[in-house]
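Trainee: Shown below is the structure under consideration.
2 protein chains.
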Amino acid sequence: MASPRRLTKQQTVVAATLALASRAVSAQELHERLVAKRGRIGLATIYRALEAQVAEGTASRVERTGHVTAYVACVPEHHHHLVCTSCQRVEDLSEVAFAPLIRAVRRRHGFQVDHAALDLYGICQTCHDAHPAGRPGAPSSHRR
Amino acid sequence: MASPRRLTKQQTVVAATLALASRAVSAQELHERLVAKRGRIGLATIYRALEAQVAEGTASRVERTGHVTAYVACVPEHHHHLVCTSCQRVEDLSEVAFAPLIRAVRRRHGFQVDHAALDLYGICQTCHDAHPAGRPGAPSSHRR
DNA sequence: ACCGTCATTGACAATGAGTATCATTCTCAT
DNA sequence: ATGAGAATGATACTCATTGTCAATGACGGT
Numbered sequence: 005m006a007s008p009r010r011l012t013k014q015q016t017v018v019a020a021t022l023a024l025a026s027r028a029v030s031a032q033e034l035h036e037r038l039v040a041k042r043g044r045i046g047l048a049t050i051y052r053a054l055e056a057q058v059a060e061g062t063a064s065r066v067e068r069t070g071h072v073t074a075y076v077a078c079v080p081e082h083h084h085h086l087v088c089t090s091c092q093r094v095e096d097l098s099e100v101a102f103a104p105l106i107r108a109v110r111r112r113h114g115f116q117v118d119h120a121a122l123d124l125y126g127i128c129q130t131c132h133d134a135h136p137a138g139r140p141g142a143p144s145s146h147r148r
Numbered sequence: 005m006a007s008p009r010r011l012t013k014q015q016t017v018v019a020a021t022l023a024l025a026s027r028a029v030s031a032q033e034l035h036e037r038l039v040a041k042r043g044r045i046g047l048a049t050i051y052r053a054l055e056a057q058v059a060e061g062t063a064s065r066v067e068r069t070g071h072v073t074a075y076v077a078c079v080p081e082h083h084h085h086l087v088c089t090s091c092q093r094v095e096d097l098s099e100v101a102f103a104p105l106i107r108a109v110r111r112r113h114g115f116q117v118d119h120a121a122l123d124l125y126g127i128c129q130t131c132h133d134a135h136p137a138g139r140p141g142a143p144s145s146h147r148r
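Same order as they appear, the protein sequences are chains A and E.
Adding 4 to a residue's 1-based position in the first sequence gives its number in this note's numbering.
Adding 4 to a residue's 1-based position in the second sequence gives its number in this note's numbering.
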């Protein structure tokens with residue numbers, strides 16, 4: 005039933021480039037980088053490779069309102085993220101921290117959680133330390 | 005500095021229609037309903053009204069991968085939702101259930117959560133009871 | 001109640017992320 | 001090495017969302 009997944013240069017290079025980026029990157033960004041670095045790669049290929057990785061569990065989508073969909077490399081077990089709104093870096097959030105919430109929801113609402121898009125946005129330790137006063141970083145007044 | 009927000013029929017009717025829907029609805033859906041119900045209303049107006057409501061805190065975006073962005077009316081205090089993937093209905097999730105997670109993240113990662121897009125997808129009590137066996141509901145094979 | 005200002009509206013054009021298509025290229029089981 | 005068919009890449013396409021701008025209507029001042 006499953007397709008015989010072939011290991012192509014493109015799939016490999018997309019995975020490698022995504023893994024190198026410590027922050028979430030968009031398909032377009034990846035495309036630009038790869039075209040610059042090795043020329044000739046279709047945008048559609050990037051999307052397909054990313055989709056395959058998400059399906060595999062080796063990457064995850066990060067969707068922020070007003071931002072393009074971005075992707076992060078991750079280990080299959082950790083599917084939740086802490087996204088720093090200042091430096092754009094992404095940390096994994098362990099499943100265990102999340103489990104009590106799921107249980108509480110089930111107990112109190114009778115709601116059986118199937119999938120959670122749990123992305124927490126805020127200021128990471130590093131950025132927090134770097135900006136002692138108030139302003140976390142660039143204003144980054146998004147509009148869209 | 006702030007614009008003098010005017011109370012127009014359109015803003016009112018959009019808010020009312022959104023409030024009536026017990027499930028998340030897209031801008032397009034709202035547009036269709038309003039055109040059918042009272043004719044002549046611009047799609048852009050719907051988007052603007054929804055954006056205003058989100059800014060106010062009286063509505064919230066629900067974004068699911070592979071689905072169009074949808075909106076739910078909500079009280080300003082509760083910004084997290086339980087979205088039933090079977091009946092599309094949306095329940096509010098109380099802030100208190102969520103607080104321990106925020107604390108844990110801060111304690112363990114030194115990460116100060118600023119905003120969380122916390123939408124939990126799953127099967128609500130009602131749908132769960134209605135489908136004792138396996139299949140939760142219609143396949144709803146979306147694409148895009 | 002009337003007026004004038006200016007935010008809001010609605011129709012339509014424009015944008016742009018993401019997807020479908022399809023001839024060509026490349027993987028991999030044999 | 002070879003053939004089947006999966007993956008690629010160029011491009012056309014879709015369609016949700018936003019920009020534009022003349023016309024409309026809300027509301028403070030009178």
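No residue lacks a Cβ here, since even glycine has one placed at the ideal position from N, Cα and C.
Buried or exposed, going by whether 16 or more other CB atoms sit within 10 Å of the CB of residue 90 of chain E?
Mentor: Buried, since its Cβ has 16 or more Cβ neighbours within 10 Å.
Trainee: Using the rule of at least 16 other Cβ atoms within 10 Å of the residue's Cβ for burial, across every protein chain shown, is residue 126 of chain E buried or exposed?
Mentor: Buried is the call here.
Trainee: Alpha carbons only, please: which of A:46, A:70, A:78, A:71 is nearest the one belonging to residue 58 of chain A?
Mentor: It is A:78.
Trainee: Evaluate residue 54 of chain E with the Cβ neighbour count: other Cβ atoms within 10 Å of its Cβ, from every protein chain shown; 16 or more gives buried, anything less gives exposed.
Mentor: By the 10 Å Cβ count, residue 54 of chain E comes out buried.
Trainee: Return the residue from the list E:113, E:123, E:135, E:18 that minimises the CA-CA distance to residue 130 of chain A.
Mentor: For residue 130 of chain A, the nearest C-alpha among the options comes from E:113.
Trainee: May I ask which residues mark the beginning and end of the beta strand (DSSP E) holding residue 94 of chain E?
Mentor: Residues 94-97.
Trainee: Using beta carbons (cut-off 7 Å, strictly below), is residue 119 of chain A in contact with chain E?
Mentor: Yes, contact with chain E.
Trainee: Kindly say whether residue 78 of chain E, judged by its beta-carbon, lies nearer than 7 Å to any beta-carbon of chain A.
Mentor: With 7 Å as the cut-off, residue 78 of chain E does not count as an interface residue toward chain A.
Trainee: Determine, using beta carbons only, whether residue 75 of chain E comes closer than 7 Å to chain A.
Mentor: Chain A contact via Cβ: absent.
Trainee: Helix, strand or coil: how does DSSP classify residue 11 of chain A here?
Mentor: Note: residue 11 of chain A maps to coil in three-state DSSP.
Trainee: Look up residue 72 of chain A in the DSSP assignment and say whether it is helix, strand or coil.
Mentor: Coil at residue 72 of chain A, not helix or strand.
Trainee: Return no unless some Cβ of chain A is closer than 7 Å to the Cβ of residue 128 of chain E.
Mentor: Yes, its Cβ sits closer than 7 Å to a Cβ of chain A.
Trainee: Compute the Euclidean distance between the alpha carbons of residue 27 of chain A and residue 64 of chain A, then round it to the nearest angstrom.
Mentor: Those two C-alpha atoms are separated by around 12 Å.
Trainee: Thinking C-alpha only, which one of E:107, E:100, E:85 is nearest residue 120 of chain A?
Mentor: When only C-alpha atoms are compared, the closest one is E:85.
Trainee: Could you name the residues of chain E that residue 122 of chain A contacts, counting a contact when the two beta carbons are closer than 7 Å?
Mentor: Those are 122, listed as they occur along chain E.
Trainee: With a CB to CB cut of under 7 Å and the five nearest residues on each side skipped, what residues in its chain are close to residue 76 of chain E?
Mentor: So the qualifying residues of the chain are 28, 63, 64, 66, 85, 94.
Trainee: Output the distance between the C-alpha atoms of residue 128 of chain A and residue 46 of chain A, rounded to the nearest integer angstrom.
Mentor: Taking the straight line joining both Cα atoms gives about 35 Å.
Trainee: Any beta-carbon of chain A closer than 7 Å to the one on residue 115 of chain E?
Mentor: For residue 115 of chain E, the answer is yes, since a Cβ of chain A falls inside 7 Å of its Cβ.
Trainee: So what does DSSP say about residue 44 of chain E, is it helix, strand or coil?
Mentor: Correct three-state label for residue 44 of chain E: coil.
Trainee: How about residue 1 of chain E: is its C-beta nearer than 7 Å to some C-beta of chain A?
Mentor: One cannot answer for residue 1 of chain E here, as it falls past the ends of chain E, which runs 5 to 148.
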